Structures are given as structure tokens and as C-alpha cells.
Amino acid sequence: MNVFGYLLDGANWGGPDGLGLHLGEHLLYSVIAVAIAAVIGIPAGQLIGHTRRGSFLLVGLANSFRAIPTFGLLILVVLLTQTSWIPVVCVLGVLALPPLLTGTATGIMQADQQAVHAASALGMSGGQVLTRVEMPLAMPLIISGLRSATLQVIATATVAAYVPQVGGLGRTILDGIPARDYGQVLAGALLVALLAIVIDVLLALAGRATSRHLRLKAPKTTALTAAPTPDPANADADASNAAA
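Quick note: the sequence shown uses the UniProt record's numbering, first residue 1, plus one each step.
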């Protein structure tokens, strides 16, 4: 059976091993893993970016997490915990952490410092500067990190099907290999690719809308920084003319 015939056959979408169930499992694993990484990575990135402290730790952690062999860690965690999909999701969350952490910290560090200083001059607290000025300016890089993390998790969740009791679209691929059902194998791979593309497009659109909304709500501190600084010589000349 070819890939399109397999996908168009309604019988392949139902049941305990159907494409519908595996697609839902794959999406569930990915969403939970990225959510775990976001809960940890975004606040940590905010702290590092706003205080400008711990950047060396940021680089070290990011490089360390990226060097971790994901599949080996999956097997190790499952053997130690003897549970089903929970350790798999935790490992996927570790994989998603570096892009979110570095994207948030780098975005805040690269925020327009004139706008930041102007906000402080207006009397904003550090927290207000972070949430109302730095975060809106950093949102493009944060969304970029979120997209990168999500794509990595969706791809790696396919490999996680090697772990017993873990579903997802990787299970569709692995079950088709010993049966030499290459239509099933290609269908699973195609659905993984389509899922990644659809999620990436949705995140890109959401990122644009969010960035636009936050920038509109941000205080107009840049107007202060853009205003020309009075020239003392011109001020003296104006005063002399007024006296005359």
C-alpha cells in the first residue's frame, strides 16, 4: 500500500493503534514538554537578561544540554523510573530548554537600551521595565526560541517511540518496519513533518500578533530618547534675542 492509500483509508485512523490516537499522543507529549521548558526557561532567561548576571552560566548550560544524547537519556530515565511516558516528556523538556532560555535572555539583553533607560527615568521599577519594555522588545527572539524548541521536540518525540509503552507517530513508523509496510512507515514520517510545519506556521503567526500587540501597549518611552537634546549655545542665543 502506498503512503496516500494508507492515509486515505479511514480504518487506519481509528482503533488503539490508529493514526488519530498516535497523532494526539505525539501532540500531547510535545505540548507538555515545551510547556515544562517554558515554565523554567523563560523566567530564568528573564532573570539573566534583566540583571546581566550569569551569562556565562547560560552559555554553559545551553551547551551542556545540547550535548546530551537524547536517546540514551530516554532509555536511562525509563530504566530508573520504570514508568511510562512521564520521564519521556521530562527528557523532551530538557531538550527544549536551551532554545527558550537563550532566546529569552538574549532578546532582553539586546533590547533597546535607550528605551530601557528612558523607562527607568520615568520612574518605572525594575519589574515594570522588564514586563512593559524589555519583554515586548525581546518577543521576536523569544518566539524564535519557542519555535526552535517546538520543532526539536516534535522531531525527537518520534525517536521516543523506541521506549516501551510510549506512543506517538514514532510508534506508527516502528510498527510498520518489521511488517515491511512502507506505506505505514512513510505515512507516519509524513505526518510528523506536516505536524512540525503546521505548528511552526501557527507559532509564527501568533508571534507576529503578540509582538504587535505588546509593542502597541508598551509605553512610548522611545519618544523621549528620540527627542533632540537642547544645544546650550542655541539656548543662550535664544535668551539673548528674547532679552533684546
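Each residue gets a CB set at the ideal place from its N, CA and C atoms; glycine is no exception.
None of these values were measured; they are calculated from a predicted model.
Tell me which same chain residues have a C-beta within less than 6 Å of the C-beta of residue i, skipping the five on either side of it?
i: Gly176; result: Gln184 and Val185
i: Leu80; result: none
i: Ser135; result: A small correction: the amino acid at residue 135 is Met; Ser does not occupy that position in the sequence shown. No residues qualify anywhere along the chain.
Report yes if the CB atom of residue i is closer than 7 Å to the CB atom of residue j, and no otherwise.
i: Val133; j: Thr158; result: no
i: Thr156; j: Thr70; result: yes
i: Ala96; j: Ala160; result: no
i: residue 245; j: Leu7; result: This structure cannot speak to residue 245, because the chain is shown only from 1 to 244.
i: Gly94; j: Val163; result: One detail in the question is off: residue 94 reads as Val in this sequence, not Gly. Going by C-beta atoms, Val94 is not nearer than 7 Å to Val163.
i: Ile143; j: Thr104; result: no
i: Leu137; j: Ala111; result: yes
i: Leu151; j: Ala115; result: no
i: Gly41; j: Ile48; result: no
i: Trp13; j: Gly20; result: yes
i: Gln165; j: Ser64; result: no
Going by CA-CA distance only, name the one from the options that's closest to residue i.
i: His50; options: Met109, Ala155 and Ala161; result: Met109
i: Leu58; options: Pro99, Ala189, Gly126 and Pro178; result: Pro99
i: Thr102; options: Gly72, Gln114, His117 and Arg66; result: Arg66
i: Gly167; options: Gly10, Gly18 and Asn2; result: Gly18
i: Leu73; options: Val91, Ile86, Asn63 and Trp85; result: Val91
i: Gln113; options: Gly170, Leu169 and Arg52; result: Arg52
i: Gly145; options: Ser84, Arg208, Ile173 and Gly107; result: Gly107
i: Ala206; options: Arg147, Phe56 and Ile173; result: Arg147
i: Pro16; options: Gly60, Thr172 and Val153; result: Thr172
i: Arg212; options: Val153, Leu194, Ala62 and Pro140; result: Pro140
i: Ile154; options: Ala118, Leu194 and Gly10; result: Leu194
Between which two residues does the alpha helix (DSSP H) harbouring residue i extend?
i: Tyr29; result: Leu19 to Thr51
i: Ser120; result: Gln113 to Ala121
i: residue 323; result: Any question about residue 323 goes unanswered here, given that the chain covers just 1 to 244.
i: Pro98; result: Ile86 to Met109
i: Ile173; result: Leu169 to Gly176
i: residue 247; result: Residue 247 falls outside the range modelled here, since the chain spans only 1 to 244, and no answer is possible.
Got a sec: is the Cβ-Cβ distance from residue i to anything in chain B below 7 Å?
i: Thr158; result: The structure shown contains no chain B, having only a single protein chain.
In its own chain, which residues sit with a C-beta less than 8 Å from the C-beta of residue i, not counting the 5 before and 5 after it?
i: Val89; result: Tyr29, Ile32, Ala33 and Ile36
Skipping 5 residues on each side, what residues in its chain have a beta carbon closer than 7 Å to that of residue i?
i: Asn2; result: Gly183
i: Leu169; result: His22, Leu23, His26, Thr158, Gly188, Leu191 and Val192
i: Ala44; result: Leu101
i: Asp236; result: Interpretation of Asp236 is limited by its pLDDT of 46, a score under 50 that renders its predicted location unreliable; no figure is taken from the coordinates.
Any 3 or more C-beta pairs closer than 8 Å across the segment 119-130 and the segment 197-207: At 8 Å Cβ cutoff, the stretches do not touch.
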